[in-house]
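First the structure, in the form of structure tokens, and then the observations on it.
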Amino acid sequence: MRVGFVQFSPARYAVQANIEKIQALLDGMDFDLVVLPELANSGYLHDDPAALRGVSEKADGSGPFLGALTKIAKEHRACLVTGFSEISGERLCNSAAALSPTGILQVYRKTHLFSTEKLLFAPGDTGFHVFSFREVCIGMLICFDWIFPEAARTLSLKGAQLLAHPANLVLPWCQGAMLTRSLENAVFTITANRVGEESGQGQTLRFTGRSQVTDPTGMCLAQAGEEETTIKIVEINPRRALNKQLGPGNDLFADRQPRFYQL
Ligand code: ACM
Numbered sequence: 380m381r382v383g384f385v386q387f388s389p390a391r392y393a394v395q396a397n398i399e400k401i402q403a404l405l406d407g408m409d410f411d412l413v414v415l416p417e418l419a420n421s422g423y424l425h426d427d428p429a430a431l432r433g434v435s436e437k438a439d440g441s442g443p444f445l446g447a448l449t450k451i452a453k454e455h456r457a458c459l460v461t462g463f464s465e466i467s468g469e470r471l472c473n474s475a476a477a478l479s480p481t482g483i484l485q486v487y488r489k490t491h492l493f494s495t496e497k498l499l500f501a502p503g504d505t506g507f508h509v510f511s512f513r514e515v516c517i518g519m520l521i522c523f524d525w526i527f528p529e530a531a532r533t534l535s536l537k538g539a540q541l542l543a544h545p546a547n548l549v550l551p552w553c554q555g556a557m558l559t560r561s562l563e564n565a566v567f568t569i570t571a572n573r574v575g576e577e578s579g580q581g582q583t584l585r586f587t588g589r590s591q592v593t594d595p596t597g598m599c600l601a602q603a604g605e606e607e608t609t610i611k612i613v614e615i616n617p618r619r620a621l622n623k624q625l626g627p628g629n630d631l632f633a634d635r636q637p638r639f640y641q642l
């Protein structure tokens, strides 16, 4: 399976420009699954909630961003996982969609909102669920979900072989922590971070890039630079994530002792 990420700087409110950037980066590439950053349609910081609302899309794929990305998924016969600003009635959600040639496979709403996101978005209410693409079991996380190990664990216990992780990272620790999320769950992870800088909501944020693919032993298989706009694709064998054996004497899932994890 050929998997990877697109790392770029989504422009605020410029949905068509963001689609064109993504399209240009994917053009001519051969892949089965690509992960794009968090809020790839809208940008991250928003002083004007009405403007954010104006570019937010329903989870049914009827908007221009998810519509265009579904078309790209069809053309490439591949799965795209992208972050997007979702509108659901009065609520905005920081969401991720898994898009396949046949349409939307799943939408996940970010559970653990970070900092000033809480002023814009409703906390996610979907919980953690897996979906299947080409018989590979996949789960989605969004950015700050990384620091809550329960998120990756829940998806992994539900059978996820690969965690697709759109991100807009500003803290320096996630890329290192995802090596541990991979190792402790024996899964592949793809963190698609953004680059660039944004000002708004009383702050200036510089996003940290270094998007990466990790394997079930916590090895980094590919990593982007801190500032570059790029796409990276690597070949993986997802079946490796079905084996939870760590050396001859341990199985990471069978050896768990959940009766001692109750509070
Ligand atoms: C983040 O969750 N976007 C840091």
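The sequence shown begins at 380 in this note's numbering and counts up by one. The C-beta atom is built at its ideal place from N, Cα and C for all residues, glycine as well.
Query: Would residue 547 be called buried (16 or more neighbouring beta carbons within 10 Å of its own) or exposed?; Result: buried
Query: Would you say the beta carbon of residue 549 is closer than 7 Å to some non-hydrogen atom of the ligand ACM?; Result: yes
Query: Apart from the five residues just before and just after residue 457, which ones in its own chain have a Cβ nearer than 7 Å to its Cβ?; Result: 410, 411, 412, 413
Query: Where residue 476 and residue 638 are concerned, what is the direct C-alpha to C-alpha distance, given to the nearest angstrom?; Result: 35 Å
Query: Classify residue 572 as helix, strand or coil using the three-state DSSP reduction.; Result: coil
Query: Check whether the Cβ of residue 417 lies closer than 7 Å to any heavy atom of the ligand ACM, and answer yes or no.; Result: yes
Query: Is any heavy atom of the ligand ACM found at a distance shorter than 7 Å from the C-beta of residue 500?; Result: no
Query: With a CB to CB cut of under 6 Å and the five nearest residues on each side skipped, what residues in its chain are close to residue 584?; Result: 549, 577
Query: Beta-carbon within less than 6 Å of residue 600's beta-carbon, same chain only, minus the 5 sequence neighbours each way: which residues are those?; Result: 592, 594, 613
Query: Apart from the five residues on each side of it in sequence, which residues of its chain come closer than 6 Å, Cβ to Cβ, to residue 485?; Result: 477, 510
Query: Using CA atoms only, rank isn't needed, just tell me which of 557, 507, 607, 498 is closest to residue 525.; Result: 557
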